[in-house]
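Participant:
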Amino acid sequence: MNRYKFLYLFWLMPLAFLFLIIQQGTVYYGINDTFENGTSYTAEVLEFELKQIAAQTNGYIVLQFKTKDGTEIQRQLSLPVEMAGDLQEIRVVPVRYNPGGWQEIVLLPTIDTQKNLVWTNGLMAFVALLITTGIAIAAHRFANKKLSEDQEEFVIERVD
C-alpha cells in the first residue's frame, strides 16, 4: 500500500471549516429570527458564573421567566467573556424567546456582541477554509504525482 494515498484525507480539513461556516450562518440566522419573530420577556438571573482558567475566560448564566401562557422557562446559557461584562451586574435581563427556533433565547443587552462574535467566527473559518483549500490542492497534486511515478521497491539484503 502506498502511503501517499493518505494525503487525500487532507480534504477533510477544508470540509470541516466549510461545516463551521454553515453552522455560524445558521446561528446568525437564528439570532436574527429570534430577535425579529420572538416574544419579549424579562428574565430573572438565577445564577451567573464567570470562570477564568489560564488564558481562557468563559462562564454561564441561568435565566428564568414565565411565558404568556404561564409556562415557566429556565435555561442555562454559556457566555463568552465579551458578553459577560455586559451582564455581570444585571439581575433582570430583557430577552426575546422563540420556541423551536435555532436560537431560542436572545439576550437583548448583548445582541450586537452576539452578532459580532458570529461574524468574527465565520470570517476566521472562511480564512482557514481558503488556506486549507490551498494546502489540500497542493497535497492532492503532490499525491497524484507520487502515485503516478513508478515506485522503487526496496530490497534489504543481508550481508554476513
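Per this note's numbering, the sequence shown starts with residue 146, numbered consecutively. The beta-carbon is built from N, C-alpha and C at its ideal position, and this holds for glycine as well.
#1: Quick check on this structure: which residue in Glu192, Gln209, Thr265 has the alpha carbon closest to the alpha carbon of Ala229?
#2: Extract the residue ranges of the beta strand (DSSP E) inside the segment 239 to 296, only unbroken runs of 3 or more that lie entirely within it.
#3: What I want to know is whether the C-beta of Val237 ends up closer than 7 Å to one or more non-hydrogen atoms of the ligand MG.
#4: Would you kindly work out how many angstroms separate the C-alpha atoms of Thr310 and Ile218, rounded to a whole number?
#5: Could you tell me the alpha carbon to alpha carbon distance between Leu252 and Ile198, rounded to whole angstroms?
#6: Going by the CB atoms, is the gap between Ile250 and Leu208 shorter than 8 Å?
#7: Runs of 3 residues minimum, wholly inside the segment 163 to 215: which ones carry the beta strand (DSSP E) assignment?
Facilitator: On the basis of the coordinates in this document:
#1: Ranking the options by Cα distance to Ala229, first place goes to Glu192.
#2: Here the runs fully enclosed are 250 to 252.
#3: Of the ligands one can find in the structure shown there are none, so the ligand MG has no counterpart to examine.
#4: Because the chain in this structure spans residues 146 to 305, residue 310 falls outside the shown range and cannot be described.
#5: Spanning the two alpha carbons is a distance of roughly 25 Å.
#6: Yes, the pair counts as a contact, with Cβ atoms nearer than the cut-off.
#7: Entirely contained in the segment 163 to 215, the beta strand (DSSP E) runs reaching 3 residues are, in chain order, 184 to 198, 201 to 211.
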